[in-house]
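**Student:** First to last, the protein sequences are chains E and U.
With the first letter of the first sequence counted as 1, position 321 gets the number 321 in the numbering used here; the numbers rise by one all the way through.
With the first letter of the second sequence counted as 1, position 90 gets the number 1090 in the numbering used here; the numbers rise by one all the way through.
One structure, pasted below without further comment.
Number of protein chains: 2
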Amino acid sequence: MGKRVYSFGGGAAEGSADMKNLLGGKGAGLAEMSNLGVPVSAGFTITTEVCTEYYKNKKAFPAGLDKDVEAALKKVEKVMGSVFGDSDNPLLVSVRSGARVSMPGMMDTVLNLGLNDSTIKGIIKKTGNERFAWDSYRRFIQMYGDIVMGLKPEHKDEIDPFEEVMDKLKHTKGYKSDLELTVDDLKELVTKFKALIKTKIKKNFPDDPKEQLWGAIGAVFGSWNNERAILYRKMNGFDDSWGTAVTVQSMVFGNMGDQCATGVAFTRDPSTGEKSFYGEYLINAQGEDVVAGIRTPQQVTVKGSLKWAKENGVSEKERKEKFPSLEEYMPKAYKQLQDVYMKLEKHYKDMQDIEFTIQNEQLWMLQTRSGKRTATAAVNIAVDMVNEKLIDKKTAVLRVDPASLDQLLHPTFDPKAKKEVIAKGLPASPGAATGKVVFNAEDADEWTQKGEKVILVRIETSPEDLKGMNAAQGILTARGGMTSHAAVVARGMGKCCVSGCGALEIDYVSRTFKVGSLVVKEGDFISLDGSTGDIMLGKVQTVDAKLSGNFSTIMSWADEFKKLTVRTNADTPHDAEVAKKFGAQGIGLCRTEHMFFEGDRIKAVREMILANNVEERKKALKKLLPMQKKDFLGILKAMEGYGVTIRLLDPPLHEFVPHDEANQQEMAKELNKTIEEVKAKVEALHEFNPMLGHRGCRLGITYPEITEMQAQAIFEAACELKAKGVDVKPEVMVPLVGTVKEFEAQRDLIVAVAEKVMAQKKIKVDYQVGTMIEIPRACVVADEIAAQAEFFSFGTNDLTQMTFGYSRDDAGVFLPEYVDKKILPNDPFRVIDRGGVGQLVKMAVEKGKSARKNLKLGICGEHGGDPSSVEFCHIVGLDYVSCSPFRVPIARLAAAHAAILNTESKKK
Amino acid sequence: MGKRVYSFGGGAAEGSADMKNLLGGKGAGLAEMSNLGVPVSAGFTITTEVCTEYYKNKKAFPAGLDKDVEAALKKVEKVMGSVFGDSDNPLLVSVRSGARVSMPGMMDTVLNLGLNDSTIKGIIKKTGNERFAWDSYRRFIQMYGDIVMGLKPEHKDEIDPFEEVMDKLKHTKGYKSDLELTVDDLKELVTKFKALIKTKIKKNFPDDPKEQLWGAIGAVFGSWNNERAILYRKMNGFDDSWGTAVTVQSMVFGNMGDQCATGVAFTRDPSTGEKSFYGEYLINAQGEDVVAGIRTPQQVTVKGSLKWAKENGVSEKERKEKFPSLEEYMPKAYKQLQDVYMKLEKHYKDMQDIEFTIQNEQLWMLQTRSGKRTATAAVNIAVDMVNEKLIDKKTAVLRVDPASLDQLLHPTFDPKAKKEVIAKGLPASPGAATGKVVFNAEDADEWTQKGEKVILVRIETSPEDLKGMNAAQGILTARGGMTSHAAVVARGMGKCCVSGCGALEIDYVSRTFKVGSLVVKEGDFISLDGSTGDIMLGKVQTVDAKLSGNFSTIMSWADEFKKLTVRTNADTPHDAEVAKKFGAQGIGLCRTEHMFFEGDRIKAVREMILANNVEERKKALKKLLPMQKKDFLGILKAMEGYGVTIRLLDPPLHEFVPHDEANQQEMAKELNKTIEEVKAKVEALHEFNPMLGHRGCRLGITYPEITEMQAQAIFEAACELKAKGVDVKPEVMVPLVGTVKEFEAQRDLIVAVAEKVMAQKKIKVDYQVGTMIEIPRACVVADEIAAQAEFFSFGTNDLTQMTFGYSRDDAGVFLPEYVDKKILPNDPFRVIDRGGVGQLVKMAVEKGKSARKNLKLGICGEHGGDPSSVEFCHIVGLDYVSCSPFRVPIARLAAAHAAILNTESKKK
């Protein structure tokens, strides 16, 4: 056990920014700021290791910690010139959590600690503000009672017992606002709050500040394992073993009077990335008032304030009087803040999210950290900072989270679509969302599970709403700014959010909201534009995303670093074109069966299926030939110059026949068969486990004429294009191979057809014949297969199904529970299972390469678009990944991350 | 390329018995016999390597072969004192196939080669038998025309063109039998046969004996790849690359007159193993007349003859006159034969199957080889030979094919059952068979595929009938002896056969057979007793097999050598008892779900399934508890002293609910639910791929209360038995584990229940908790799992399904075709796939042992009873195999074979 307590303040600190794992993000940030000479009120941080030890000790503090804390407290007293528990010149402290990564609002905080009937006298004396002192005291007791002594109701719908007492008093007195409470009222509340605690839990509220302090430290450690913190970690893949640090810091007050304020700011715009200082503040308030979104905050800068006024229809007169910017209201403090933010950004070389308090016009920094940002902002900031020579290209590439690109790539509302904008809120998190209105998180979750798309509409959100926010398409709140809970969380999720739309009158009981006279009911469709703040009635058409120049810049930088080629899964020329625009270099998976369903083709397909012998089957296949050929002409043309992997027919034949009487009747009529024949065939095709049935190359082996027709279509198309000067590179892929003989049999057929067609057309086409590796056995005998096959494409969807023995269609019954119970770290269909499926892939790569040195290796399962899985593909040495068109940029960026991070880790 | 041609004869030979792979069984046998001084007519053998070269050369003879053959022919001429192609003293030869293993009747043979219009004069002169000479000549042309010149009809239902010509002549002349043909008739046939060849294939019949010889050699090589030979090899797992040798041997004639004969004999009884010379012969006949079963043969020994007469109701007078034994008819030749057979058996130390010809009272041996025998005979001969000090125990154990034990272990007809014996044939191959009568092989195959059990009834069988014989339950023929095609093949297959039942009048056209006035139609049930020759009307009750003392002896010797323990798969105390009698030492798989279906239990199970919450489910489970406990009391008691592996609930829950309306109605009524509730539940339980669905430990994890109930039942039973002094060793097995966390979660539940029950019952029971390895992922992470699990039991049924991606329920559509097309060597559900599934098993064993040195390893898939798979288990280092009760002796013997063969191969 190393050093347990790290002091900071007075222009120096024992810790530093690189000690996040030990001191938490907050503790490390405060230490670093102290070192930088930024104004930070003194304090100390108890390490995350102590938290771990605390849990190991069955929630007892390790021996000796008391002495370390005592010593650190002495230092704080010295720097701040006040004494903890002193009735004349008391030191008050905050006790806050701090994990190595930010978990906003997940854990507990206690403020104003150190107040009691004696120290309050000192506070009154120091501030000359008796009302502030008593209000702080009653707030402290309430907070301590709720959090440390456990009186906070478990369900947020239940009313807080302290609030109840206060509401009663206000009612008796006829007050409408807390501000009307007098000093005597507050004194009465202090007494009543203490009595409430005594009644409820048979314990006295602790008067001893030391006892208060240890209680709060224990409560913060305890909050590491509260339900919502655990859920948040699970959603973000954070490790439960990390633990939280506890930072005890001397209080500074933003709520001591009108020359006091508190605020949150970003060194650049977190939504657009614009290089413009952006922040919100509240006069005479405590920090949590900003975050909780209870009061609508004012803008820090004049620029921001003017824009806000314009957007909200506030006159310049009203703005200046009621909502002045900090720049105008406290120019001296603003100047301090400006100096600090520039110093911090320059130091950290990243956009910072800072919290500050102004106590009697003196600025105090509470926190700095890398600011969360939208994908647009991430891209723009990264590119700008390279241009500003703050960071290098590699750092810039790493600054953009590949998964976040989803936000940029997804459609936005069609500007030409008819929109009925009924209100406007803050553009808190970009995106376009359409769904049915629901009014609470549980409904959002339940409706979504039923397949509905929903918009979660709340007065404001809180950490308890996380699950529902995650489920919803978008979030709309009536209260709260751009840094409110809803806004911060939604941006983190990459989810569309419009916050603080004051025009909304939400009625949870009748499950409606009103905008003026318009009533929107639960279940009605609305649409949200997270980039404008528009709230629209009904469903609105969307259009494809348009990508900025900075986006292209980042992607081109990514391409400089990545080793993996990125291909796309595309079955149509249109998809191929889209993917090419997104940077796809080839098609990794073209599924030919999708072509079987279109228009008239299904008739010919069914004719083939109903055929009684090879001749009849060949006759039907002959009808399909020109159609398939047309498909291949289009796709090979669209991907000119790049490899196009065409997978032969894969699904079981019963997917092509109708299973209901009416359609069977029609099919019989169309094909001149009796209904009995059709039914008998459909019956014969039925399988108990179609996933493990007569499909893939098993079809090609029992019906070689299907493979022949497909090969003929491919090579006729390729030859005809080549004759016209188009550079075609067809790669024929045999699916579901489990034994080398299967592959050989199919390869022989394909090669025979290819040679025949090329001889007929008198032209040579470069082509390859390879296989999909999607059956566990194929991995085991990959050396045998590679001796025959020119490429492997890992079909990790099916490989995951068979390696785990999970049917993707059925696993929904237990898979979520498996992830909940931590039997699996992730859904293995989303993130590749490195320990199991990944080991088989690795084995196949090694065995394959041992038999054919230049074996081409790729992946075409959906994992090809998942950043973690892309990293795995890089590590294991694949040549390319293939994913859906919209995920191509994600894969490119993830491939760059993988290359950079894995080279660096190798260097170490 | 080594020596191509090996000569033999005249008391010496270039080859020997250990050159079977090169000279074929026949060639090696003739060489060895020559070396032994046994009378063998001189000849030479062209090696199997030449056959391989012949195919490699696109069916051309390798250069230089002609010279080698020429030289060898010279040697033969010298030994035999006659000259090939000489018109005065001609040498005639036979040209026969010979693979390294016997493939009776599968390949082609040409006899009497060397005859032409000139050499026939020499034959007439030498034999003084003009009719014999011309008959030999017409036979030769017919055989040569059919086989070498390709006139044999492809379908056996078509009439042979030579037969047609002969039938016409006989009809014109009014002959009833071939014997009435005069010398002139035969001369006319020779002319007509030659003309027929000229007409049909525009080629002259080759007069040049050398040309005849090369044509025949090519035809024999060619017959290696005829359809029935390929089928036979596939059925027996023989390698296509082996090729056949060709043996050219000087002809000796059994059909030159009444002092000539030909026969087949076994040095011991091939049916019972009795140490008694046993054989059949025909006077004035060629060898194929015996094998083809056209004439009913006479017995070689007096003892055999007397027995035959008794069985066939032939008087002693008639027997002596018409059917004397060889012993009586040609005592001198019999004496020679007796000396030879004893010499051969002593030399080969195994029961021999010999072929001989007597030409003018001089014995010539044509062939010797290890005789095929029934399982009973194999056991008895092996034990007898040890007692006679001919072989050691190890050899004796290896002499019995484990798979053949099936014959001994299967039920026989209940001696007390009412039997309506309608006729009696020869007890050609033991066993008890009941089925519907069919009259051709195609029907036998088709009806069986439809799920019918059939008896194939034929006048005689031929190699074309193989597939149908394999499909049928039993085979009944009207003609042919104990060494007829039907008899030999059926014994090889371990299939019940009654042959040579002359009482049968079979009419293929009306699809009936008559026995006297009784008419049996296609589709009627009959029963065959292969050990007595009884043919019975209808279905006859069977009883369990009774095992002989020799069987116990062999099994006890096997146990001395085997390293693997053999357990059984048993779900009931009765099965456990049966298996114990067969030598099972423990239960490797007790499936608890089978217990869920019995009687009233299904109601409680359904109540559990329909439960809306944990409490309801627990209530239903409480009802099941005493029932499960009762099962475990019985099974643990029955297997006292041995380990009993109990697998927790495995199948998906929908297997326990009714899927038809009526039963759903009943279920709803019984459980006080609405039909809608029942339907909704059934619907909710439906899975697309139940094999990969919510089953195995996935159930135990989502419904831990089921695991708890099962554990409670197991441990309460174990504790109560132990308290009574019963030695119990429960091993709780968690099914379908794919991740170590699944196992840990279930293990923790089981251990908690075990400890609780043992504390309550105040008794300690030794128990283990382990898992089934049946998911590919489990093999990959076997080290992680073994760190937690005390044993692994390989569930190779499911492991094969998932490793190949084959649903066993659906694979029937393509699996037979896969085996036919040689994409797979075997059905992998029958014989473990060593290259794929086996590699995963090996990986799991190695990884498992690396994490837990004393990890107990077993197999409980159906492979546990397959000899090849048992060998694999031995090689890979498992501790035990577990199989169905009736396969326990097979597994024991296979385990002994594996231990002996793999130790010996290691020694090399």
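Beta carbons are placed, not taken as given, at the ideal position from N, Cα and C, and that holds for glycine.
Grouping DSSP H, G and I as helix and E and B as strand, with all else coil, what is VAL1397 (chain U)?
**Tutor:** helix
**Student:** Give a yes or no on whether the minimum CB-CB distance between ASP1810 (chain U) and chain E is below 8 Å.
**Tutor:** yes
**Student:** Helix, strand or coil: how does DSSP classify PHE791 (chain E) here?
**Tutor:** strand
**Student:** With a cut-off of 8 Å, do at least 3 Cβ pairs link the segment 1746-1760 of chain U to the segment 1792-1799 of chain U?
**Tutor:** The segment 1746-1760 of chain U vs the segment 1792-1799 of chain U: no contact.
**Student:** Take ASP968 (chain U) and list the residues in its own chain whose beta-carbon comes closer than 6 Å to its own, dropping the five residues that flank it on each side.
**Tutor:** As shown, chain U starts at 1001 and ends at 1908. That puts residue 968 (chain U) outside it, with no answer to give.
**Student:** In chain order, what residues of the segment 1767-1785 of chain U put their CB closer than 7 Å to some CB of chain E?
**Tutor:** ILE1775, PRO1776, ARG1777, VAL1780 and VAL1781
**Student:** Is the segment 1687-1698 of chain U touching the segment 802-815 of chain E, taking contact as three or more C-beta pairs under 8 Å?
**Tutor:** They touch, by the three-pair rule.
**Student:** So with CB distances below 8 Å, who are the chain E contacts of PHE1814 (chain U)?
**Tutor:** HIS694, ARG698, ILE701 and THR702
**Student:** On the DSSP letters alone, give me the boundaries of the alpha helix (DSSP H) that CYS51 (chain E) sits inside.
**Tutor:** 48-56
**Student:** Using a beta-carbon distance cut-off of less than 8 Å, what residues from the segment 1821-1842 of chain U approach chain E?
**Tutor:** LYS1821, LYS1822, ILE1823, LEU1824, ASP1833, GLY1835, GLY1836, VAL1837, GLN1839 and LEU1840
**Student:** Determine the direct distance from the alpha carbon of SER1850 (chain U) to that of PHE140 (chain E), and round the result to whole angstroms.
**Tutor:** 58 Å
**Student:** Is the beta carbon of LEU92 (chain E) closer than 8 Å to that of LEU73 (chain E)?
**Tutor:** No, they are not a contact pair.
**Student:** Which term fits THR1903 (chain U), buried or exposed, when burial requires 16 or more other beta carbons within 10 angstroms of its beta carbon?
**Tutor:** exposed
**Student:** Measure the alpha-carbon distance for LEU405 (chain E) versus SER87 (chain E) and round it to whole angstroms.
**Tutor:** 56 Å
**Student:** Can you give the Cα-Cα distance for SER1007 (chain U) and MET1080 (chain U), rounded to whole angstroms?
**Tutor:** 13 Å
**Student:** Taking 8 Å as the CB-CB cut-off, is GLY1738 (chain U) touching chain E?
**Tutor:** So, interface residue.
**Student:** Are the beta-carbon atoms of VAL1454 (chain U) and PHE1439 (chain U) separated by less than 8 Å?
**Tutor:** no
**Student:** Please list the residues of the segment 1709-1742 of chain U that have a C-beta atom closer than 8 Å to any C-beta atom in chain E, keeping them in chain order.
**Tutor:** The segment 1709-1742 of chain U vs chain E, Cβ under 8 Å: LEU1736, GLY1738, THR1739, LYS1741 and GLU1742.
**Student:** Please check if any C-beta of chain U sits within less than 8 Å of the C-beta of TYR806 (chain E).
**Tutor:** At least one chain U Cβ lies under 8 Å of TYR806 (chain E).
**Student:** Given this structure, state the Cα-to-Cα distance separating ILE900 (chain E) from HIS863 (chain E), to the nearest angstrom.
**Tutor:** 20 Å
**Student:** Can you check whether the C-beta of ALA745 (chain E) is within less than 8 Å of a C-beta belonging to chain U?
**Tutor:** yes
**Student:** Would a C-beta distance cut-off of 8 Å place LEU564 (chain E) and VAL870 (chain E) closer than the cut-off?
**Tutor:** yes
**Student:** The segment 1664-1698 of chain U: which residues have C-beta closer than 7 Å to a C-beta of chain E, in chain order?
**Tutor:** GLU1687, PHE1688, ASN1689, PRO1690, MET1691, LEU1692, GLY1693, HIS1694 and ARG1698
**Student:** Please name the residue or residues paired with ILE763 (chain E) in a DSSP beta bridge.
**Tutor:** In the DSSP output, where bridge partners are listed per residue, ILE763 (chain E) has none listed.
**Student:** Can you give the Cα-Cα distance for GLU505 (chain E) and PRO161 (chain E), rounded to whole angstroms?
**Tutor:** 26 Å
**Student:** Can you confirm whether MET1033 (chain U), when its beta carbon is compared against all beta carbons of chain E, has any partner nearer than 8 Å?
**Tutor:** no
**Student:** Whole alpha helix (DSSP H) runs in the segment 637-709 of chain E with 4 or more residues, listed along the chain?
**Tutor:** You should have 661-670, 675-685 and 697-702.
**Student:** Flag this pair as yes or no: are the beta carbons of VAL302 (chain E) and SER325 (chain E) separated by less than 8 Å?
**Tutor:** yes
**Student:** For chain E, is any of its Cβ atoms less than 8 Å away from the one on GLU1705 (chain U)?
**Tutor:** So, not an interface residue.
**Student:** Quick check: the Cα distance between GLY1015 (chain U) and ASN1035 (chain U), rounded to an integer number of angstroms?
**Tutor:** 9 Å
**Student:** Give the straight-line distance between the Cα atoms of VAL1657 (chain U) and MET608 (chain E), rounded to the nearest whole angstrom.
**Tutor:** Computed Cα separation, rounded: 37 Å.
**Student:** So, does the CB of GLN1801 (chain U) fall closer than 8 Å to a CB anywhere in chain E?
**Tutor:** yes
**Student:** Enumerate in chain order the residues of its own chain whose CB-to-CB distance from ARG830 (chain E) is below 7 Å, with the five nearest sequence positions on each side excluded.
**Tutor:** ASP866
**Student:** Flag this pair as touching only if the segment 353-362 of chain E and the segment 255-264 of chain E have three or more C-beta atom pairs under 8 Å; answer yes or no.
**Tutor:** yes
**Student:** The alpha helix (DSSP H) that contains MET843 (chain E), what's its start and end?
**Tutor:** 837-851
**Student:** For TYR597 (chain E), does the count of other Cβ atoms within 10 angstroms reach 16, so buried, or fall short, so exposed?
**Tutor:** According to the sequence shown, residue 597 (chain E) is Phe rather than Tyr. It is exposed - the Cβ of PHE597 (chain E) has fewer than 16 other Cβ atoms within 10 Å.
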